[in-house]
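A.B. asks:
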Amino acid sequence: MSLVELIAQADERALAVGGLACLDRCVPLLGGDDEVLRPLWSSLADGAEGETWGECLEQARAKLPALFEEPGEDRAVALARTMLATAPPIPAGPAVREWADACSLTSLRIHRLLEVMAPADDADAIDARRAGRTDGMSPLVAAELRRQISILELLAGTGAGTGAAPAGLRQVLAVSTEGRRVLRAVVSRRARGRS
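Residues in the sequence shown are numbered from 169 upward in steps of one, following our numbering.
1) So, Ser-272 versus Ile-175, is the Cβ gap smaller than 8 Å?
2) For the ligand GDP, any of its heavy atoms closer than 7 Å to the Cβ of Pro-259?
3) Is Ile-278 helix, strand or coil when you go by DSSP?
4) Measure the alpha-carbon distance for Leu-183 versus Arg-360 and round it to whole angstroms.
5) By the 10 Å Cβ neighbour count, where 16 or more other Cβ atoms means buried, how is Glu-219 classified, buried or exposed?
6) What's the call for Ala-230, buried or exposed, on a 16-neighbour Cβ count within 10 Å?
7) In angstroms with no decimal places, state the Cα-to-Cα distance between Gly-261 and Glu-180.
8) Which class does Pro-223 belong to by DSSP, given the choice of helix, strand or coil?
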């Protein structure tokens with residue numbers, strides 16, 4: 169299945185986890201450490217109903233830099249800020265579906281911007297990738313697309329989308345952590361190239 173199809177079929181828990189995973193991989197752009205979103209992950213783990221999500225979200229926002237765009241700010245950073253700023257206060261209902269879909273698209277755009285360092289944001293090309301047309305895709309974007317698909321497949325296959333399988337969430341964390349390390353390395357190389 170394409171990423172678009174997987175998102176369409178995902179339940180609320182899987183959508184919240186998928187959106188959080190996209191945000192988690194982009195934390196290096198926000199100046200956050202690897203643990204800043206850990207409380208949000210915990211709010212979705214071990215059969216939790218997400219009742220602490222809103223509180224954990226506010227804590228994460230307080231620990232990361234201001235959510236408003238700064239003059240001359242890098243486009244990739246601005247996109248990452250948007251993912252955090254638009255996270256719903258409750259991981260349920262239409263809001264979480266809209267946020268998860270937006271996070272998927274935004275994360276792919278971020279990876280594209282970091283790879284080619286181009287100001288242009290070709291949304292149509294990214295949408296085509298999510299729909300399954302992957303020919304000629306750049307390596308960084310291809311890897312992020314594979315991660316997103318893998319995470320939703322893991323959740324669908326383990327029942328973690330319904331909170332029944334914490335092991336599935338641990339696997340998702342492992343996939344997301346690997347992606348965060350890759351992005352942190354890309355951001356670091358980019359910063360060195362600019363100095």
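Each residue gets a CB set at the ideal place from its N, CA and C atoms; glycine is no exception.
C.D. replies: Per the coordinate set shown:
1) yes
2) With respect to the ligand GDP, the structure shown offers nothing to examine, as it has no ligands at all.
3) helix
4) 35 Å
5) exposed
6) exposed
7) 7 Å
8) Note on identity: in this sequence residue 223 is Glu, with Pro being the wrong assignment. Helix at Glu-223.
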